[in-house]
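Participant:
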Amino acid sequence: MNQPDLNHAFAALADPARRALVLTLARGPQTAGALAEPFAISRPAISRHLRVLREAGLVAARTQGRERLYHLAPDRFQEMSHWLSELETLWDEALLSLKQLVEEAE
663 MNQPDLNHAF
673 AALADPARRA
683 LVLTLARGPQ
693 TAGALAEPFA
703 ISRPAISRHL
713 RVLREAGLVA
723 ARTQGRERLY
733 HLAPDRFQEM
743 SHWLSELETL
753 WDEALLSLKQ
763 LVEEAE
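If you're matching positions, the sequence shown starts at 663 in this note's numbering and goes up one per residue.
1. In terms of residues, what are the limits of the beta strand (DSSP E) holding residue 729?
2. I'd like to know whether the C-beta atoms of residue 696 and residue 742 end up nearer to each other than 7 Å.
3. Would you mind reading off the limits of the alpha helix (DSSP H) that contains residue 682?
4. The alpha helix (DSSP H) that contains residue 707, what's its start and end?
5. Which of helix, strand or coil does DSSP assign to residue 671?
6. CA-CA distance, residue 751 and residue 765?
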């Protein structure tokens, strides 16, 4: 994943409504109308949030009959998870080094 894609994906998840949509879609594909029901925002607002998530590569849609079913795009989430795992490894190494320095100083 290149840096602009990573930035775009994390920026899309900065909004709490979009994070809630992602959690809802993690349970399975849904239409925009079904997604809008539990939220206190309009269907057009849901559509705008879905567009942002699609543009970030986090959500995809497929047509089923006359409806569009939205679902998560696992590849982008795997790329983000990989990046976060690398960051976690760096932090673990830094904390281990700090621990060793503290223990040596005692």
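Just so it is clear, CB atoms sit at the ideal spot from N, CA and C, and this is done for glycine as well.
Facilitator: By the coordinates alone:
1. 729-734
2. no
3. 678-687
4. 705-717
5. helix
6. 21 Å
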